[in-house]
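Enquirer: For what it's worth, the numbering used here labels the leading residue of the sequence shown as 3, then goes sequentially.
Where is the CB? At the ideal position from N, CA and C, for every residue including glycine.
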Amino acid sequence: MTAFRTLDDADLADKRVLVRVDLNVPMESGRVTDETRLKAILPTIRTITDKGGKVVLLAHFGRPKGRDESQSLAPVAKALEGQLGRKVAFASDCVGEEASSAISRLAAGEVLVLENTRFHAGEEKNAADFVDALASLGDIYVNDAFSAAHRAHASTEGLARKLPAYAGRSMESELAALTKALEAPVRPVLAVVGGSKVSSKLELLGNLVRKVDILVIAGGMANTFLAALGKKVGKSLCEHDLADTAREILEKAKAAGCEIVLPVDAVVAKEFKANAANRVVSVDEVGDDEMILDAGPETVAVVAQKLDGAKTVVWNGPFGAFEMTPFDAATVAVARDVGKRTRAGTLLSVAGGGDTVAALNHAGVAGDFSYVSTAGGAFLEWLEGKALPGVEALRR
Ligand SMILES: Nc1ncnc2c1ncn2[C@@H]1O[C@H](COP(=O)(O)OP(=O)(O)OP(=O)(O)O)[C@@H](O)[C@H]1O
Ligand SMILES: O=C(O)[C@H](O)COP(=O)(O)O
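(1) Exposed or buried, what is H242 when buried is set at 16 or more other beta-carbons lying within 10 Å of its beta-carbon?
(2) Which word fits K275, buried or exposed, when buried means at least 16 other C-beta atoms lie within 10 angstroms of its C-beta?
(3) Name the two residues that bound the continuous beta strand (DSSP E) containing S284.
(4) Return the first residue and the last residue of the alpha helix (DSSP H) that L385 is part of.
(5) Need the endpoints of the alpha helix (DSSP H) that T46 sits in, please.
(6) Thinking C-beta only, is G124 closer than 8 angstroms to L165?
(7) For N145, which of helix, strand or coil comes out of DSSP?
(8) Would you check if the distance between the CB atom of A183 and the CB atom of V352 is smaller than 8 angstroms?
(9) Should N26 be counted as a contact of ligand 2 given a C-beta to heavy atom distance under 7 angstroms?
(10) Should E99 be labelled buried (16 or more other beta-carbon atoms within 10 Å of its own) or exposed?
(11) Just the C-alpha distance for L350 and D16, rounded to the nearest angstrom, thanks.
(12) Classify V57: buried if its beta carbon has 16 or more other beta carbons within 10 angstroms, exposed otherwise.
(13) Less than 7 angstroms between the CB of R22 and some heavy atom of ligand 2, yes or no?
(14) Taking only the alpha-carbon atoms, compute the straight-line gap between S269 and S201 and give it to the nearest angstrom.
(15) Return the chain-ordered list of same chain residues with a C-beta closer than 7 angstroms to the C-beta of E159, the five sequence neighbours on each side being excluded.
(16) Out of curiosity, what's the CA-to-CA distance linking K80 and A91?
(17) Given V408, which residues of its chain have a CB within under 7 angstroms of its CB, disregarding the five upstream and five downstream residues?
(18) For L177, which three-state DSSP category applies?
(19) Just verifying my parser: in three-state terms, what is the DSSP assignment at T247?
(20) What I want to know is whether the C-beta of A150 ends up closer than 7 angstroms to one or more non-hydrogen atoms of ligand 2.
(21) When DSSP labels each residue in this structure, what does N277 get in the three-state scheme?
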């Protein structure tokens, strides 16, 4: 018996099925730029529609503080329609009259996306009245968002305790694949943690250094460490108030025997835009009016040298602002290097995260990795050995 009830255990015919999915996809100018997370949820949607259920999708997008039309899920619902090859309805609220009347118009086998759950403060607070409002809209709850399962929010945790709850297909396969690949990883294990979600991922590095042998800190995350070590990072993305936490992590790494690798050089620019005038400098030479937008070639060479000694790689977060040329160079170079080593059979590689997967697709190597997860923060917390609230709430 599996640890979770799955769609195979559910009677779905004519039921209103509230499905928590992750529609937090990379977007540019109102257009979805990477559809991996949309593709991942198709098996769950199709299973429910094939069994005559009514699919009501719940998801967040970005980190809005209250209602904010620039973070609407409407364009994502349109992109999902393209992937699914059938009509996807949209309701401009996820609770109340707007949502319930849209659901009442659904026939068996139809699909509806409800507006961004984070437009309501009750979502992130996991507030009982908001959970009740969501629960009143459905008969059954399915969680197919492994990548949001580290959040104890109303739509990821509260609802699972209120309605009969099941794991979706993507949730099931993510847990099975990550367990298979990383339960007993071949050492040395090298982790790369980069990207921009510095405050929400920084603290978990303190635990991660006990699980891995080498930790490469990259992207915006690295700037906070460089600043904590007294380097000038100019206008770079950096959380200066987390300097003490960064220094504590370096101490924990030392105690655990985990080697920390930080950038030695950087590509800096004065403007945050594609093809902005830029220069490669040592991390000691960043100007006050400049920002670090990528790691430099020497850093890429250092990472390659560390990869020579690694048997397993886990990766979340790009080395730079890879959406803008030429600041994609380090991410693309390391991605191709890891892909090549994986193909050659010298490395097992697991990568995850909305933008990380987009970066691997951009580099043309996602298919070369041993496993690519939709999850970033959730993947790292799972790797730390933490119980994920959204997963725990689904246990039988
Ligand atoms: N030096 C930098 N300055 C500014 N932005 C950066 C820098 N390095 C990386 N980024 C940005 O980091 C973002 C990705 O970070 P993030 O932590 O969200 O990764 P992710 O793979 O999406 O993980 P998750 O799924 O947890 O969100 C990209 O949009 C990229 O442009
Ligand atoms: O992109 C992600 O990692 C998930 O959608 C979670 O988003 P969050 O970090 O804003 O909770």
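Expert: The structure says:
(1) Exposed: under 16 other Cβ atoms inside 10 Å.
(2) By the neighbour-count rule (16 or more Cβ atoms within 10 Å), K275 is not buried but exposed.
(3) Run containing S284: 280-284, per the beta strand (DSSP E) assignment.
(4) It spans 379-386 - the alpha helix (DSSP H) in which L385 sits, taken as one unbroken run.
(5) First-last of the alpha helix (DSSP H) with T46: 44-52.
(6) Not in contact: L165 and G124 (Cβ atoms no closer than 8 angstroms).
(7) N145 falls in the strand class under three-state DSSP.
(8) Contact: yes.
(9) Distance from the C-beta of N26 to the nearest heavy atom of ligand 2 is below 7 angstroms.
(10) Exposed: under 16 other Cβ atoms inside 10 Å.
(11) CA-CA distance, L350 to D16, rounds to 44 angstroms.
(12) Buried, because 16 or more other Cβ atoms sit within 10 Å of the Cβ of V57.
(13) For R22, the distance from the CB to the nearest heavy atom of ligand 2 is not below 7 angstroms.
(14) Residue 269 is actually Val in this sequence, not Ser. Their Cα atoms are separated by approximately 23 angstroms.
(15) Same-chain partners within the cutoff: N128, P391, G392, A395.
(16) Inter-residue distance for K80 and A91 is about 9 angstroms (C-alpha atoms, whole angstroms).
(17) No statement about residue 408 is possible, as the shown extent of the chain runs from 3 to 398 and does not include it.
(18) Here L177 carries a helix assignment [DSSP, helix/strand/coil].
(19) It is helical.
(20) A heavy atom of ligand 2 is found nearer than 7 angstroms to the CB of A150.
(21) N277 falls in the coil class under three-state DSSP.
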